[in-house]
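Working notes for the structure below.
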Amino acid sequence: MKNRLSLCLVIILILMVFSVPVVHGDDWYGEYGKYYRVYDAENNQLLFETAREVSRGDQYLSGDNKMYHIVRVNTKSHLAYAEFVEEVQLPKVNKEALQKVQLALKEGGLAALILAQEGEEGGGEEEQDRRVGIYATHSAESYTPTDGSESIEGGGGILKVAEILKNSFDNYGVEGVFDNTSHEPHDAGAYKRSRRTAVQLMRDQGINTLIDVHRDAVPAEAYLTEIEGEPASKVRLVIGRRNQNFKANEELAMQVKAVADESRPGLIKDIFYAKGDYNQDLTPRAMLVEMGTYQHTRQRAEKAADYLAEVVTTALFGGIIEEEAADEEGVAPGPQRTGGVEESNTGSGTGIIGLIAVIAIGGFAFLFLSSGGKEWKSKFSNFKQEFANFLGRRKRK
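Okay, here's the thing in structure tokens:
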């Protein structure tokens with residue numbers, strides 16, 4: 001009897017671990033050259049392209065701050081259609097403060113800025129908060145013109161872009177901590193593997209700001225730009241809709257785009273609200289960035305990484321975002337959006353249902369193992385009768 005009980009408990013534990021799905025990221029792993037095209041459902045104009053999975057309910061904030069909602073997706077043809085929702089007002093940037101920050105970053109990095117703020121206000125950002133953790137979930141991603149391949153096992157060109165990002169943060173007075181751990185292969189388990197890296201950065205380094213560095217897999221034209229007269233790639237910000245930090249992650253992305261639009265126009269391409277969480281549930285300061293695409297040179301992405309570090313440093317630590325006036329109830333308005341966290345309840349409900357199913361299966365296994373093949377049918381029949389009686393009592397109440 002004890003052996004049967006032990007075996008039953010082992011079966012239940014195995015089922016609980018492997019049968020209840022946990023979504024860390026929803027990527028599409030099709031062959032290179034294939035990607036999703038998303039069109040405006042009203043006028044059939046192309047809105048954007050992405051090699052990420054596109055799902056009904058996803059959202060998209062265009063470069064000119066128009067919010068769209070994905071309403072139809074054809075997974076066979078990789079086409080999707082979105083409806084316009086509204087014009088979004090980004091957080092307001094104090095232009096005078098922005099000029100001071102940019103000057104301070106050029107002359108002495110963030111340290112000079114913090115000293116100036118402390119002199120004026122007697123305060124400043126805590127030093128331990130001025131650290132950014134950087135890693136790459138898809139560590140094999142590369143840039144074909146420079147690296148010779150779109151993917152390199154053992155460490156792709158994306159790691160070099162991430163290292164430039166780290167060095168640029170250092171130059172601006174923010175400590176960049178780069179973990180170059182490989183998370184290959186590029187499959188559905190990559191985000192689960194990179195989650196360990198992200199957790200380790202937070203636990204061992206005391207970091208609460210995380211940047212997961214990627215690159216897209218669409219034609220180069222979608223990402224080509226020039227900043228300050230120099231060739232660079234645009235950067236897409238990706239927000240996971242299924243995580244409890246959605247609102248804070250969105251606020252951070254909006255602030256970064258607002259600062260970039262003022263200081264480095266053309267750097268931030270857009271914001272894609274995708275199904276999944278991309279490990280952004282770990283911290284309110286989580287970002288996933290697409291540093292260009294595999295069809296242009298890596299140098300363009302590296303140049304963008306330097307500008308991105310400057311923008312993120314300014315947005316997080318520059319104190320240039322003006323506080324919005326509160327309404328009559330004392331609540332300050334945030335960026336407008338639809339969907340988002342609300343839709344994450346679907347995933348949670350699915351997990352709960354799965355857990356109930358696992359427990360039920362485990363219970364039947366226990367009946368079978370503890371009673372033997374001859375008796376379990378009788379006990380199962382009695383169980384059904386008792387359960388039906390229970391439901392009847394609930395309905396009468």
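The opening residue of the sequence shown carries number 1 in this note's numbering; numbering runs sequentially from there.
Ideal Cβ positions, reconstructed from N, Cα and C, are used throughout, including at glycine.
It should be emphasised that the depicted structure is a prediction, and the values quoted were computed from it without experimental measurement.
What's the call for Ser142, buried or exposed, on a 16-neighbour Cβ count within 10 Å? buried
Test item: CB-CB of Val54 and Tyr36 under 8 Å: yes
Would you tell me roughly how many angstroms separate the C-alpha atoms of Leu165 and Phe246, rounded to the nearest one? 24 Å
To the nearest angstrom, how far is it from the Cα of Val71 to the Cα of Val199? 35 Å
Just list the residues that DSSP pairs Arg203 with in beta bridges. Partner(s): none; Arg203 has no beta bridge.
Give every residue of the same chain whose Cβ lies closer than 8 Å to the Cβ of Ala258, excluding the five residues on either side of it in the sequence, and list them in chain order. Leu90, Pro91, Lys92, Val93, Ala315 and Ile321
Roughly how many angstroms lie between the CA atoms of Pro284 and Gly189, to the nearest whole one? 23 Å
Are the beta-carbon atoms of Gly318 and Thr209 separated by less than 8 Å? no
What does the alpha-carbon distance come out to for the pair His183 and Phe84? 37 Å
Flag this pair as touching only if the stretch 163 to 181 and the stretch 218 to 229 have three or more C-beta atom pairs under 8 Å; answer yes or no. no
Pick from Lys303, Asp281, Leu282 and Gln280: whose alpha carbon is nearest that of Met291? Lys303
When you compare each of Ile158, Gly176 and Phe48 to His296 by their alpha carbons, which one comes out closest? Ile158
Would Ala332 be called buried (16 or more neighbouring beta carbons within 10 Å of its own) or exposed? For Ala332, the predicted model reports a pLDDT of 44, less than 50, meaning its position is unreliable; a value from the coordinates is still stated below. Ala332 comes out exposed.
What first and last residue would you give for the beta strand (DSSP E) that runs through Tyr60? Gln59 to Leu61
Return the bridge partner residues of Phe272 from the DSSP annotation. Tyr60 and Val238
Which same chain residues, not among the five before or five after Arg298, have their C-beta less than 7 Å away from its C-beta? Tyr143, Thr146, Asp147, Gly157, Lys160 and Val161
Residues sharing a beta bridge with Pro231, DSSP: Glu226
Report the option in Gln244, Asp204 and Gly155 whose CA atom is closest to the CA atom of Asn180. Gly155
For the putative contact between Ile271 and Ile239, defined by C-beta atoms under 8 Å, what is the C-beta separation to the nearest angstrom? 6 Å
Run the CB neighbour count on Thr50, radius 10 Å, all protein chains shown included, and call it buried at 16 or more, exposed below. buried
Report, in whole angstroms, the separation of the C-beta atoms of Ala52 and Val73, which I expect to be a contact under 8 Å. For clarity, residue 52 is Arg in the given sequence; the question names Ala instead. Contact flag wrong, Cβ pair sits at about 12 Å.
Hey, would you say Ser151 sits closer than 8 Å to His186, going by beta carbons? yes
By DSSP, does Asn74 sit in helix, in strand, or in coil? strand
Cutting at 7 Å between CB atoms, please list the residues of its own chain near Ala309, excluding the five before and the five after it. Leu165, Ser168, Phe169 and Tyr172
How long is the line joining the alpha carbons of Val130 and His69, rounded to whole angstroms? One point to set straight first is that residue 130 is Arg, not Val, in the sequence displayed. C-alpha separation (whole angstroms): 35 Å.
In the DSSP assignment, find the unbroken alpha helix (DSSP H) run with Gly157 in it and report its ends. Gly157 to Asn171
Is it true that the CB of Tyr191 sits closer than 8 Å to the CB of Thr137? yes
What would DSSP say about Gly123, mapped onto helix, strand or coil? Its pLDDT being 44, under 50, Gly123 is placed unreliably in this model, and the coordinates cannot settle the point.
Leu139 versus Ala253: straight-line alpha-carbon distance, rounded: Residue identity differs from the one stated: residue 139 is Ser in this sequence, not Leu. Distance between the alpha carbons of Ser139 and Ala253: 23 Å.
With distances taken between CB atoms, is the gap from Asp212 to Arg242 smaller than 8 Å? no
Asn44 burial status per 10 Å Cβ neighbour count (16 or more: buried): exposed
Buried/exposed call for Arg203, threshold 16 Cβ in 10 Å: exposed
For Arg130, which three-state DSSP category applies? coil
Take Lys234 and list the residues in its own chain whose beta-carbon comes closer than 6 Å to its own, dropping the five residues that flank it on each side. Tyr223, Thr225 and Lys269
Could you please give me the residues that DSSP links to Tyr36 through a beta bridge? Thr50
For Val218, collect the residues of the same chain with a Cβ closer than 7 Å to its Cβ; drop the 5 residues on either side in sequence, then sort them by chain order. Tyr35, Glu49, Thr50, Ala51 and Thr293
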